[in-house]
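Q: So for the sequence shown, the working numbering puts the first residue at 191; every next one is plus one.
The beta carbon of each residue, even a glycine, is placed where N, CA and C say it ideally should be.
No experiment lies behind these values; they were computed from the predicted model shown.
Pasting in a structure now, in structure tokens, and then I'll have a few things to ask.
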Amino acid sequence: MTDNKRDRIAEPWGTRTPYGKGGHWPERVDMHLVNGLAPEAVDRWVQSASVLHSNGDGLDIAVKDGRIVGIRGRSVDRVNRGRVDTKDLFGWQANASTDRLTTPLVRENGKLVETDWDTAMNRIVGRSKELLDTVGPSAFGFYTSGQLFLEEYYTQGVIAHGAIGTNHVDGNTRLCTATAAEALKESFGCDGQPGSYTDVDHADVIALFGHNVAETQTVLWMRMLDRLAGDDPPAIVCVDPRPTPVAQHATVHLAPMPGTNVALMNGLLHEILRNDWVDHDYVDAHAVGFDELRKRVAEFPPERAAKICDVPAEDIREAARLLGTAHALLSTVLQGFYQSHQATAAAVQVNNIHIVRGMLGRPGCGILQMNGQPTAENTRECGADGDLAGFRNWSNDSHIEELARLWNIDALQIPHYAPPTHAMQMFRYAEQGTLRLLWISATNPAVSLPELRRIRGILGQDRLFVIVQDIFCTETTELADVVLPAAAWGEKTGTFTNADRTVHLSEKAVDPPGAARPDLDIFLDYARRMDFRDNDGAPLPSWTDAESAFEAWKRCSAGRPCDYTALSYDKLRGSGGVQWPCNADSPDGTERLYANGRFWASPEYCEAYGKDLITGAPLEPTEYRAMNPAGKAIIKAAEYISPHEPPRPEYPFALTTGRTLYQFHTRTKTGRVPQLQAAAPEVWVEVSQADAQRLAIAEGDVVEVGTPRGSVTAKARICGIRTGVLFLPFHYGYWDVDADGHHRAANELTITDWDPVSKQPLYKTAAAKLHRINGSTSPAPAPTTAASAPVSVDVDATSGGAVAEATEALTSSETP
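Dropping the structure here:
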């Protein structure tokens, strides 16, 4: 065993442990303890998993004297084999920040003041009962996160859908993973990732569509890097307008103009079909819709796609050759597609490549329509994101009746008179005054939603009663009527499921501070105070703690695609994670879905009947039954439509927003962590070298980015981004202003627009302008380690120093 020490700010992906195709990914246990604490000085290690991204890395929390003092990876975990993401290595320190919310707050005379739990909850219950009596269930909205636990989402879903009867339920997963779910429903009739992270071990081509995995899921990128360093490495196809680490390792890098993804995908499919790289036997036996696709993509030869996307036609041909001739193809998709124009239509075309090539259900042959948050998958399973619990179909009366029996309530109590209300529509209803109570948990929409001036105005209305449940004061709590202090990760017990369906148990390691409570306890307290009852007069929900909530969820999941019935807390303790479905037929979990062409798409079982990819209009059940009576995979073609707000003379740039490696969401946690905050302390704007020269902008100059909705001031990072495109990280909020009061929140600029199918907001297609304000003697505060790397050699490399060192334990055979 060899222990290396690495500055994990300077070297975020750590040491390489190469392995070959079909091999087993070697272990490498990463660990960081506070102030050089020795591992043997730790009192106990408590099982958990990652909380600052969607990868689901297995972790152990180090506890000493009742405090969290560090993190180490779990070598037995199937997801990470002991490795830990940079944010997780240091992010646990946020739990101990001195500015945690520790007592409830209520608004008195325009100001938030401290109070006790009874006062805060009585105020919520009083307003709730008043609205139920006078307006009805439609006055209620619940807006949650992708960072709570399964047990909490299911409890909230039962309260909202069952006890109250509102369909105004969604989460900030609408901003990051709604298109993933919708694309899977459109192609396979149901949510659920077909692939597994282990497909990295077997693939000979890995294609990443709008997925900067190196910064968003660093441990998954470590796995890919180790394959690239080993024997028989895979070819990489990268679709991204920025020079990400993925692009730097790509065999082919396609950098299309934002908003043109459907044209690019149609060009790739044109070449795959023209060269007959099609598994016709598979398509004939297991899919419908191939003829429609053939007709549509015939209109997109590489030259036409190249002209629309502004990429070389030969690069499209070469990428198509790699995709079309791969023996084992793994594709991943994330925000570069999901938050852009025609989001679902583009993501579905990725699915189409795998269907026409028969690349499903075998090692190395998988699709991962990725998530952005650690528990985004659970919101979808449990019905906390607008879906119905257990992947049930809102348009199928038998599914509603089944759920009503589970909850022991009348079927008419569960709202299914219309599609679930997505987040953007919920805020519109609040703006109009029909939604009167909005309960926000573990998210900060006053920074994360588009067109922030409008969102602040909505949340600040006197007629809207806003409840915010969080661990810190945020821009959103400042607009609340009641603020509830919640327990954080590590301070409560529950399960969560990652992007490849791996379920982990996170045990309570320490007590929450002050009077803070687990979100589950808060929701159950509300239900008891409201005296919600089922048809027999028993409390609704009936459970009392996390484990009993999990057992109730198992009953809800039984027989559905996300079947948990063979799982238990005891089974998850000490395990390396288990993938659902996990039931009597698959007691050890299921690594890949859709083996042998078996799908969850039959008309009586499927989660959704699908939508028109251009208009978003839902298909009627009779239409779906006529189209797909045998429950096959569905090939859906899509025409290309120009973006709603393309660049134009007064706004000549395409503005795209996104993440950086060292921050997460609105920096509620990571902004309080010294190592992470120092690595990316302030907002910046990325501009190409050619555009910078044309506008006389130098590295570090102060510039203003403007759109029709507002402006942001930031320092310029001159980097390898494609010409005509600007990039802003979205992490920096309304409170982040410079000395002159200029805003630095990217979402001051983004448009109120969304994909017609998934209803996911568009953050990557705004038209923008750029001009220089003044010069600077220092570079932009952007990291040099990843996509924001400067072209200038005079910028100091990002590093963390001694406080950012972590150990890596490798066996001698894995030591480089």
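Which residue or residues does DSSP assign as beta-bridge partners of Leu-809?
A: Beta-bridge pairing links Leu-809 to no other residue.
Q: Rounded to whole angstroms, what is the Cα-Cα separation between Ile-557 and Lys-319?
A: Roughly 46 Å between the two C-alpha positions.
Q: Extract the residue ranges of the alpha helix (DSSP H) inside the stretch 355-391, only unbroken runs of 4 or more that lie entirely within it.
A: Runs found: 368-378.
Q: Measuring straight from C-alpha to C-alpha, what distance separates Thr-683 and Met-817?
A: Rounded to whole angstroms, Thr-683 to Met-817 spans 45 Å at the Cα level.
Q: Please say whether Tyr-343 and Cys-572 have beta carbons closer to each other than 8 Å?
A: Their beta carbons are under 8 Å apart, which means Cys-572 touches Tyr-343 by this criterion.
Q: Which of the three DSSP states is assigned to Asp-711 in this structure?
A: Helix, per DSSP.
Q: Could you tell me if Val-983 is buried or exposed, where buried requires 16 or more neighbouring beta carbons within 10 angstroms of its beta carbon?
A: So Val-983 ends up on the exposed side.
Q: So Ala-798 and Gly-379 are supposed to be a Cβ contact under 8 Å. How far apart are they, rounded?
A: Going by Cβ atoms, the distance from Ala-798 to Gly-379 rounds to 7 Å, so yes, they are a contact pair.
Q: Can you give me the C-alpha to C-alpha distance between Gly-316 and Thr-293, rounded to a whole angstrom?
A: Each residue's alpha carbon lies about 20 Å from the other.
Q: For Lys-959, count neighbouring Cβ atoms within 10 angstroms of its own Cβ and tell me buried if that reaches 16, exposed if not.
A: The residue in question, Lys-959, is buried, as its Cβ has 16 or more Cβ neighbours within 10 Å.
Q: What are the boundary residues of the beta strand (DSSP E) that Gly-556 is part of?
A: Where Gly-556 is concerned, the enclosing beta strand (DSSP E) stretches over 556-559.
Q: What's the call for Pro-864, buried or exposed, on a 16-neighbour Cβ count within 10 Å?
A: Pro-864 should be labelled exposed.
Q: Rounded to a whole number of angstroms, what is the C-alpha to C-alpha distance between Gly-779 and Pro-836?
A: Each residue's Cα considered, the two are about 46 Å apart.
Q: Return the chain-ordered list of same chain residues with a C-beta closer than 8 Å to the C-beta of Gly-347, the five sequence neighbours on each side being excluded.
A: Contacts found: Val-359, Cys-572, Gly-573, Ala-574, Ala-579.
Q: Would you tell me roughly how many angstroms separate the C-alpha atoms of Arg-417 and Asp-391, rounded to the nearest one?
A: Rounded to whole angstroms, Arg-417 to Asp-391 spans 7 Å at the Cα level.
Q: Could you check the C-alpha separation between Leu-365 and Gln-950 for me, to the nearest Å?
A: Distance between the alpha carbons of Leu-365 and Gln-950: 6 Å.
Q: Let me know if Asn-299 comes out buried or exposed under the rule of 16 or more other beta-carbons within 10 Å of its beta-carbon.
A: Answer is exposed; the Cβ neighbour count stays below 16.
Q: Beta carbon of Met-616, beta carbon of Gly-331: below 8 Å?
A: Closer than 8 Å, so yes.
Q: Tell me, to the nearest whole angstrom, how far the beta carbon of Pro-771 is from that of Cys-752; I am working on the premise that it is less than 8 Å.
A: With 8 Å as the limit, Pro-771 and Cys-752 qualify as a contact, their Cβ atoms being about 7 Å apart.
Q: Based on Cα-Cα distance, which residue from Arg-626, Ala-904, Arg-257, Val-303 lies nearest to Asn-285?
A: Of the listed residues, the one whose Cα sits closest to Asn-285 is Arg-257.
Q: Return the residue from the list Asp-577, Ser-638, Tyr-528, Ile-824 that minimises the CA-CA distance to Ala-954.
A: Residue identity differs from the one stated: residue 954 is Lys in this sequence, not Ala. Closest by alpha carbon: Tyr-528.
Q: Quick one: Cα of Val-259 to Cα of Pro-946, how far?
A: About 46 Å.
Q: Measure how close the beta-carbons of Ile-645 and Leu-654 come, nearest whole angstrom, since I'm counting them as under 8 Å.
A: With a Cβ gap of about 12 Å, Ile-645 and Leu-654 do not count as contacting.
Q: Would you kindly report the start and end of the unbroken beta strand (DSSP E) that includes Ile-630?
A: Residues 627-631.
Q: Do you know whose CA, among Tyr-333, Asp-500, Leu-519, Leu-593, lies nearest Thr-450's CA?
A: Among Tyr-333, Asp-500, Leu-519, Leu-593, the Cα nearest to that of Thr-450 belongs to Asp-500.
Q: With which residues is Pro-675 paired in a DSSP beta bridge?
A: According to DSSP, which records beta bridges pairwise, Pro-675 is partnered with Asp-660.
Q: Where does the unbroken alpha helix (DSSP H) through Glu-312 begin, and where does it stop?
A: This sequence places Asn at residue 312; Glu is not what is there. Residues 307-324.
Q: If you follow the beta strand (DSSP E) that Asn-964 is part of, which residue opens it and which one closes it?
A: Where Asn-964 is concerned, the enclosing beta strand (DSSP E) stretches over 956-964.
Q: Which first and last residues belong to the alpha helix (DSSP H) in which Ser-588 is found?
A: That run of the alpha helix (DSSP H) goes 587-597.
Q: Does DSSP classify Thr-406 as helix, strand or coil?
A: Three-state result, Thr-406: helix.
Q: Measure the alpha-carbon distance for Pro-793 versus Pro-811 and round it to whole angstroms.
A: About 8 Å.
Q: Going by the DSSP bridge assignment, what does Lys-301 pair with across the sheet?
A: Answer is Glu-298, bridged to Lys-301.
Q: For Asn-773, which residues from the same chain have a beta carbon less than 7 Å from its beta carbon, with the 5 sequence-adjacent residues on both sides left out?
A: Excluding residues within five positions, the ones whose Cβ falls inside 7 Å are Asp-753, Thr-755, Ala-756.
Q: So, with DSSP's three-state summary, where would you put Ile-498?
A: The answer is helix: DSSP assigns Ile-498 an H, G or I state.
Q: Exposed or buried, Tyr-607, counting other C-beta atoms within 10 Å across all chains shown (16 or more means buried)?
A: Counting Cβ neighbours within 10 Å, Tyr-607 comes out exposed, since fewer than 16 surround it.
Q: Could you tell me the distance, in whole angstroms, from the CA atom of Lys-228 to the CA atom of Arg-413?
A: Checking the sequence shown, residue 228 turns out to be Ala, not Lys. Roughly 28 Å separates the two Cα atoms.
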